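Residue numbers (mature numbering (1 follows the signal peptide of the UniProt record, and there is no 0)): -22 to -1, 1 to 1121.
Backbone N, C-alpha and C fix where the C-beta goes; we use that ideal spot for every residue, glycine too.
If you're wondering where the values come from, they're calculated on a predicted model, not measured in any experiment.
Below is one structure, written out as structure tokens; the observations come after it.
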């Protein structure tokens, strides 16, 4: 029992010790709980009687309780559970959980014995993952070296270079060439080929940006990071064709970025070199290289403090771009060009029209062009319709082809282009073969396109000229026994009217060199076809022709009576050299007939054939008998006699019988009766003639009567001074056949005194004289006639010399002076209402005539009206299309309204003649294109330039809410255009009277055109029907408000100042707070408009000068133009640009 008791005691002690070492007082952080079992002694009765417990003993009893203790890995420190790190934390680390240390900045590891991402080992740009894993951001590498190895290069947003020739005197570029290597998708140099060798300045523009990508937030130990472009420069070199270095150099961007001052925004570098003293030769290469490098720096502080520790730098890659100017001033060549050293292939042709004379589509071919340096770049093909001028053909507008097309694919070996002209005519085609340096060779060829013309045969003008005219050139004699000479002529018989009128086959004038540029010593578009053989059958030489006919053929053969044969298939003789006649000889006999065919060909191989017949007569007419019947009644004469004659010619027939009367004793002619009878052709046939016997037929089938009755007037034989009792008259009769062979016969007529009617015959011709007039009367009549003739001659001389018009003008001027004297108080409104023109002026312009139609006179067929722009009380204004040289042009047509009056027509004609004769042409004046005056129903139509952007005041109001640099620059250009135009009008002695922004029109290129001046009456048709006419007081100079006599250039200068104010206020109305009737008093008080918002000092100074009270104190338009002009710089295409740097 004692041993057991001792065990129990020991066990209880051990449990107590364990409880003391592990147990804490209660719940808390890192405190665990457990169920605890222990034992205690309890007295228990082991022997019990009725008297009670007799025996007791100690019994162990088990019991359970909850115990608190530090969890595993923790220990009780001051009744608190603290973590236990078996490997003790070092370097100031703190044990925060079992075997886990929290390290101080810069340390890591299980016991804080390792260095982590910090100022000691930076990880930026990147993300540090504890304990020491550094992940660099995209574009940055080498985490072992703090991510400072940059792989992102800067990007170029501009890499341009310009070579220029600058004119110091004009302060403008004469020319420049620019190359640009900005393309971000290519690192290849941008190459520009040029043929210019003369430069005196060069400008290089470089723009770049560094885009660092997505960067994480910098840790606190990195207070500052700057990444960007750390260096920028250009370098250049000029190398010869043999790669020899001729010059080189470099230039830093200014200001230049550095590694400690990187450019984080857009880097802009402009290099301007005012000299270019490098010698440039053919095949040189001038290279400019742009270089930019990325990089930067980051500053480090001791982690957890603001104490600077170090600065790290970044060096990124260098990005380069290059541009190359390659020089080539030798143009393309071709094997057919002399000294080209090229070998031609069968298809090599510089330019060929395969069918130069055609009725079908034209095919144009070329091949074999080569450029050994810059290479072929493109071909341009132009087609011109040639115009006849006199005896030559030419390109009337050398820069206005009817077709122009480009071929940019130079890889094609053989080019072919098919073209169908719109109308027949002679055409030229010019091929431009251009290399990449803009060297061009031009070659010209010609073709005739004519699918419609034909040969016209004019009836009646083809004749055998060796035959007699009396026979209609159908009979010829052949009395000699030798071969008969025959001549046929067909002048004006065959004609190709279209080709003859158009001169299609005339010589073609050489193409004049165009676009001569003295600054670069180059003639552009100089055709070299004179140096290259043209084997075409249409060259510039004239094609021999007569009225469009290029060849005549002749054939002839004997003709049988009654047979009309077809033209022979063979035997034709070509007339060479070409002529309008043909001479030949042929053995013929009397009665033979010859049919002669002539065939004419034009250049299109159209032909026409015609024929004529000539017959031959070898015998004289036969006179069978003659007889005389005196005093035979005739319906044609009061007293007549008759001769009967029987005559014939069986070969050609009797053509005529000629009759004359002679004094038989003296041979003196008494009377020539001429043709007493013509050939008496009957309607009978050969059979009828044979049966009756009163007629005969010749070889051609015509039948003639044998007998002829010829009456003559008895008075033809009467002569007052002759003794009629003894007079013997010989009547001479000549019988002619159609071949002009003749037979003469005489009849003697006696007893002349016995002829009837002689007493009524006049002795001599009676002449009315003025002998009955007195000498004074004759002189008076002669004087009147002389004066009338002198007056007529005087008027004709005045008309021819133009002085008649001046006389009329002086007469009108006297009328005007009289009227002016009677109306000296004429109000300025009257002057404004007529545009400054008196009624007499309008009459003069409205009735002006021309001896020849002026060049601006147009045809109504060429003008097509479109939409109405505006309708006024006087006229309507249409959009229209004008055909000019076959090309449509947008124009404006001003027409009279329906039911117009004669006065309306006179006024419109006055406007037309005023613009056509007085105004002239200027780039800043609305262009008067012409007029249509041929249609009396429509009345005169005025055709003017079309301005797409309309009135300037409307444009200003549209842009008022969106003013930018471009708008402001246009304001200055408007001011300059207007002063130039007004200076021109002043030089023409034209006063505008209505100058305002609403009368300035703007083209599609925003060029100002002055309009609204000239003769007018009442309402302005351009302002529309709804607008009531009002005098624009706010624009008119003060001196013109009361009298028209003060209107001058200086009054227009005042208005110009108001227009400037409108421009620079972007369309505001002048004097907005002043009523028109109060304006004169406002101005007399010295008040003027304030300076507009967008005006510079120069323009406002001009405004103030133009508003001087005294007109003499105001500048002229020339003065104002010179003052404004220095603010502008002229570009190479004659446009002017405002330069604010010149202020």
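Subject >> Contact set for residue 999: own chain, Cβ-Cβ below 6 Å, skip 5 residues either direction >> reply: Note that residue 999 has pLDDT 44, beneath the 50 cutoff, so the model's placement of it is unreliable and the number below is only indicative. If you ignore the 5 residues before and after residue 999, its C-beta comes within less than 6 Å of the C-beta of 850, 852 and 853, all in its own chain and listed in chain order.
Subject >> Proximity winner among 940, 455, 880 and 982, relative to residue 869 (alpha-carbon distances) >> reply: When the alpha-carbon of residue 869 is set against those of 940, 455, 880 and 982, the nearest one is in 982.
**OP:** Can you tell me which of 367, 401, 392 and 390 puts its alpha carbon nearest to the alpha carbon of residue 380?
**Re:** With distances taken between Cα atoms, residue 380 lies closest to 401.
**OP:** Only counting runs of 3 or more residues, tell me where the beta strand (DSSP E) segments fall wholly within the stretch 835 to 865, in order along the chain.
**Re:** Runs of the beta strand (DSSP E) lying entirely within the stretch 835 to 865 and spanning at least 3 residues, in chain order: 841 to 849 and 853 to 862.
**OP:** Using a threshold of 8 Å, state whether the C-beta atoms of residue 89 and residue 51 are closer than that.
**Re:** The beta carbons of residue 89 and residue 51 sit no closer together than 8 Å.
**OP:** Can you grab the Cα-Cα spacing for the pair residue 1104 / residue 153, in whole Å?
**Re:** Near 20 Å, if we compare the C-alpha coordinates of residue 153 and residue 1104.
**OP:** Express the C-alpha separation of residue 858 and residue 846 in angstroms, rounding to a whole number.
**Re:** Their backbone Cα atoms lie some 9 Å apart in a straight line.
Subject >> C-alpha distance - residue 282 paired with residue 198, whole-angstrom precision >> reply: If you take the alpha carbons of residue 282 and residue 198, they lie about 8 Å apart.
**OP:** Would you check if the distance between the CB atom of residue 1037 and the CB atom of residue 966 is smaller than 8 Å?
**Re:** For the 8 Å CB-CB criterion, residue 1037 and residue 966 do not form a contact.
**OP:** Can you say whether residue 322 is buried or exposed, counting buried as having 16 or more other CB atoms within 10 angstroms of its CB?
**Re:** Taking a 10 Å sphere around the C-beta of residue 322, we find fewer than 16 other C-beta atoms and assign the residue as exposed.
**OP:** Say yes only if the C-beta of residue 447 is nearer than 7 Å to one or more non-hydrogen atoms of the ligand NAD, and no if none qualify.
**Re:** Among the ligands in the structure shown, none appear at all, so the ligand NAD cannot be discussed.
Original post:
Where in the stretch 55 to 89 do unbroken runs of the beta strand (DSSP E), each at least 3 residues long, occur, reported from the N-terminal end onward?
Top reply: Listed in chain order, they are 59 to 61, 72 to 75 and 78 to 80.
Subject >> Within 8 Å, strictly: CB atoms of residue 219 and residue 262 >> reply: Cβ distance < 8 Å, so residue 219 and residue 262 count as in contact.
Original post:
Near residue 181, which residues of its chain fall below 6 Å by C-beta distance, leaving aside the five closest residues on each side in sequence?
Top reply: So the qualifying residues of the chain are 140 and 250.
Subject >> Cα-Cα separation, residue 744 to residue 442 >> reply: Note on residue 744: pLDDT 32, under 50, position unreliable in the model; the coordinate value appears next. The alpha-carbon atoms of residue 744 and residue 442 are separated by roughly 46 Å.
**OP:** Compare the Cα-Cα distances from residue 987 to each of 1012, 939 and 924 and report the closest residue.
**Re:** Distances from the CA of residue 987 to each of 1012, 939 and 924 were compared; the closest alpha carbon is that of 924.
Subject >> Classification of residue 451 by the beta-carbon crowding that lies within 10 angstroms, buried from 16 upward >> reply: Here residue 451 is buried. Its C-beta has 16 or more other C-beta atoms within 10 Å.
Subject >> Helix, strand or coil at residue 702 [DSSP, three-state] >> reply: Coil, per DSSP.
Original post:
Taking the DSSP output, what are the residues bridged to residue 427?
Top reply: Within the DSSP secondary-structure output, residue 427 pairs in a beta bridge with 336 and 403.
Original post:
Is residue 856 buried or exposed, if buried means 16 or more other CB atoms sit within 10 Å of its CB?
Top reply: When all chains shown are included, residue 856 counts as buried.
**OP:** Helix, strand or coil for residue 394, going by three-state DSSP, please let me know.
**Re:** The answer is strand: DSSP assigns residue 394 an E or B state.
Subject >> Cutoff 8 Å; reference residue 9; Cβ partners in own chain excluding five residues on either side >> reply: Non-local C-beta neighbours of residue 9 in its own chain, meaning closer than 8 Å and more than five positions away in sequence, comprise 2, 46, 47, 48, 49 and 59, ordered along the chain.
Original post:
Under a Cβ-count criterion, where at least 16 other Cβ atoms within 10 Å of its own Cβ denotes burial, should residue 596 be classed as buried or exposed?
Top reply: With 16 or more Cβ atoms within 10 Å of its Cβ, residue 596 is classed as buried.
Subject >> Separation of residue 125 from residue 202, as counted between CA atoms >> reply: Straight-line Cα distance between these residues: approximately 16 Å.
Original post:
Can you give the beta carbon distance from residue 44 to residue 15, rounded, assuming they're within the 8 Å contact cut?
Top reply: Not really, about 12 Å apart at Cβ, beyond 8 Å.
Subject >> Opening and closing residue of the beta strand (DSSP E) in which residue 988 lies >> reply: In the DSSP annotation of this structure, the continuous segment of the beta strand (DSSP E) that includes residue 988 starts and ends at 986 to 988.
**OP:** Could you have a look at residue 410 and say whether DSSP puts it in helix, strand or coil?
**Re:** In the structure shown, residue 410 sits in a strand (DSSP, three-state: E or B).
**OP:** Quick one: grab the DSSP three-state call for residue 1100.
**Re:** DSSP places residue 1100 in the helix class (H, G or I) of the three-state scheme.
Original post:
What residue range is occupied by the uninterrupted beta strand (DSSP E) comprising residue 16?
Top reply: Start and end: 9 to 27.
Original post:
So, helix, strand or coil for residue 440, using DSSP?
Top reply: In this structure, residue 440 counts as coil in the three-state DSSP scheme.
Original post:
Do residue 264 and residue 216 have their C-beta atoms within less than 8 Å of each other?
Top reply: With contacts defined by Cβ atoms closer than 8 Å, residue 264 and residue 216 form a contacting pair.
**OP:** Count the C-beta pairs between the stretch 562 to 573 and the stretch 415 to 428 that are closer than 8 Å, then say yes if the count reaches three, no if not.
**Re:** Touching, no.
Original post:
So residue 210 packs on residue 184, CB below 8 Å; how close in whole Å?
Top reply: About 7 Å separates the two Cβ atoms, so the contact holds.
Original post:
Can you name the residues that DSSP bridges to residue 372?
Top reply: When beta bridges are read from the DSSP output, residue 372 appears opposite 365.
Original post:
When the distance is taken between beta carbons, is residue 305 closer than 8 Å to residue 517?
Top reply: Their beta carbons are not under 8 Å apart, which means residue 517 does not touch residue 305 by this criterion.
**OP:** Check whether the Cβ atoms of residue 731 and residue 703 sit closer than 8 Å, and answer yes or no.
**Re:** Their beta carbons are under 8 Å apart, which means residue 731 touches residue 703 by this criterion.
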